[in-house]
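Below is one structure, written out as structure tokens; comments come after it.
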Amino acid sequence: MTTGYFGIGIFEPKHETNMGTLWRSASLLGASFIFTIGKRYKKQSTDTNKSWKEIPLYHYQDLEDFYQHLPYSCQLVGIELDEKAVPVEQFVHPGRCVYLLGAEDHGLTKAALAKCHHLVQLPGETSLNVASAGSIILYDRHLKSTLAR
Numbered sequence: 001m002t003t004g005y006f007g008i009g010i011f012e013p014k015h016e017t018n019m020g021t022l023w024r025s026a027s028l029l030g031a032s033f034i035f036t037i038g039k040r041y042k043k044q045s046t047d048t049n050k051s052w053k054e055i056p057l058y059h060y061q062d063l064e065d066f067y068q069h070l071p072y073s074c075q076l077v078g079i080e081l082d083e084k085a086v087p088v089e090q091f092v093h094p095g096r097c098v099y100l101l102g103a104e105d106h107g108l109t110k111a112a113l114a115k116c117h118h119l120v121q122l123p124g125e126t127s128l129n130v131a132s133a134g135s136i137i138l139y140d141r142h143l144k145s146t147l148a149r
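This is the structure in structure tokens:
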């Protein structure tokens with residue numbers, strides 16, 4: 001993994017509390033930004049570190065708006081239980097990427113999956129809480145980056 005940047009966000013989040021938890025994890029684990037697609041964020045008590053002071057939150061109206069505003073030469077990494085997904089243990093994180101998590105009740109849509117450069121799957125037969133899944137991906141990136149030094 002080369003140096004670069006990364007962001008993480010949720011497509012059509014159902015529960016605002018998950019965004020607060022993910023924002024806190026993103027801040028602690030080195031993300032450059034977080035985002036929502038399709039639903040605005042409301043301040044949450046789960047963001048106990050006031051992460052909004054550390055990294056920005058972006059909001060996109062829909063998937064197309066988000067995709068058109070991806071940074072130049074940035075890869076989109078979908079986190080999803082999918083037969084095409086690479087197990088997280090084998091995944092090599094791109095230097096410049098954005099991690100996309102699906103909504104708590106329906107995951108990523110087919111349209112969102114089609115836009116992803118990579119698909120990554122966490123262990124297990126059922127999905128995790130979206131903030132927990134995002135935190136695990138961020139920690140995996142952090143750990144692999146630390147071990148590579």
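Anchor point for the sequence shown: position 108 equals 108 in the UniProt record's numbering, and the numbering is continuous, going up by one each time.
C-beta: ideal position from N, C-alpha, C; glycine also.
These numbers come from a predicted model, not from an experiment.
When C-beta atoms of the region 117-132 are compared with those of the region 8-23, three or more pairs fall below 8 Å, so the two segments count as touching.
Thr146: member of the alpha helix (DSSP H) spanning Val130 to Ala148, first to last residue. Here Phe35 carries a strand assignment [DSSP, helix/strand/coil]. When the five nearest sequence neighbours on each side are left out, the beta carbons in the same chain lying within less than 6 Å of the beta carbon of Phe66 are those of Ile37 and Tyr60, in order along the chain.
Beta-carbon to beta-carbon, Leu101 and Ile136 are separated by about 11 Å, too far to satisfy the 8 Å threshold.
Contact between the region 66-76 and the region 108-121 is present: 3 or more CB-CB pairs across the two stretches fall below 8 Å. Burial is judged here by how many other beta carbons sit within 10 angstroms of a residue's own beta carbon; Thr146 has fewer than 16 and is exposed. Judged by their CB atoms, Leu108 and Leu29 are not nearer to each other than the 8 Å cut-off.
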